[in-house]
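Note sheet for the following structure.
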Amino acid sequence: MSLLKIRIRDCNALTREKYKEQIKNRDVMDAGFDLYVPDTHIAQKLTTSHLINHKVQIEYSSARVGLSPSHILMIPRSSISKTSLRLANSIGLIDSGYRGDLKAFVDNLGERKEIKQDTSLFQLIVGENCEIRIEEELSESKRGTDGIGSTGNTI
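Residues in the sequence shown are numbered consecutively from 6, following my numbering.
Here it is as structure tokens:
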């Protein structure tokens with residue numbers, strides 16, 4: 006069975022409870038795990054991308070590779086299609102060694118939009134047979150917390 010460890014950092018009590026409840030009610034065969042927006046955000050109309058910091062960190066070990074560290078995907082939930090928001094890079098690839106906060110850049114294709122606290126726009130695709138646990142600490146990695154754009158490659 007795969008294992009996803011989640012460190013919830015600097016989130017309010019309600020958001021923490023939502024994560025705990027989701028884990029409690031989750032079927033191990035569910036493919037996705039919802040991420041919650043920990044603070045209310047305002048995405049301006051058709052401007053540069055808006056950054057949402059989910060204030061959670063993860064460590065994922067896949068059963069497909071003998072419980073070795075593995076990458077994971079962040080994708081939009083299907084309900085995002087009912088909004089004017091889009092994940093700026095369409096899909097997020099989270100490398101196995103990344104231990105920083107999970108973040109998403111969103112584009113707002115419509116008018117000014119309030120993104121309310123505890124809204125779930127994105128999900129992690131963990132695959133089937135995955136246990137999820139909340140942890141206080143994650144293991145260290147060579148990559149550490151260097152995230153978006155850390156390779157130095159720019160367009």
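Each residue gets a CB set at the ideal place from its N, CA and C atoms; glycine is no exception.
**Prompt:** GLU119 by DSSP, collapsed to three states: which one?
**Reply:** GLU119 falls in the strand class under three-state DSSP.
**Item:** Span separating the alpha-carbon of LYS87 from that of LEU56
**Value:** LYS87 and LEU56 have their alpha carbons spaced roughly 20 Å apart.
**Prompt:** Considering only the beta carbon of each residue, do ARG82 and PHE127 sit closer than 9 Å?
**Reply:** Result yes, Cβ atoms of ARG82 and PHE127 sit closer than 9 Å.
**Request:** List the whole-angstrom C-beta distance separating ILE113 from LEU78, where the pair is believed to meet the contact cut-off of C-beta under 8 Å.
**Result:** Looking at the sequence shown, residue 113 is not Ile but Asn. The Cβ separation is near 23 Å, so there is no contact.
**Asked** Which one or two residues does DSSP pair with LEU78 in a beta bridge?
**Response** For LEU78, which the question treats as bridged, DSSP gives the partners LEU98, ILE130.
**Request:** Would you tell me roughly how many angstroms separate the C-alpha atoms of ILE130 and LEU19, rounded to the nearest one?
**Result:** If I take the Cα positions, the gap works out to 23 Å.
**Message:** Under 8 Å: do the region 137-145 and the region 25-32 share three or more Cβ pairs, one atom per stretch?
**Reply:** Touching, yes.
**Asked** Does the Cβ of VAL61 have 16 or more other Cβ atoms within 10 Å, making it buried, or fewer, making it exposed?
**Response** Its Cβ being crowded by 16 or more others within 10 Å, VAL61 is buried.
**Prompt:** DSSP on ALA93, reduced to helix/strand/coil?
**Reply:** Three-state result, ALA93: coil.
**Asked** With respect to the alpha helix (DSSP H) encompassing GLN27, which residues constitute its N-terminal and C-terminal limits?
**Response** Element bounds for GLN27: 18-30.
**Prompt:** What residue from ILE63, HIS46, ILE47, SER101 has the CA that sits closest to ARG14's CA?
**Reply:** Of the candidates ILE63, HIS46, ILE47, SER101, the one whose C-alpha sits nearest the C-alpha of ARG14 is ILE63.
**Asked** Which residues does DSSP pair with GLN62 in a beta bridge?
**Response** Under DSSP, GLN62 shares a beta bridge with ARG12.
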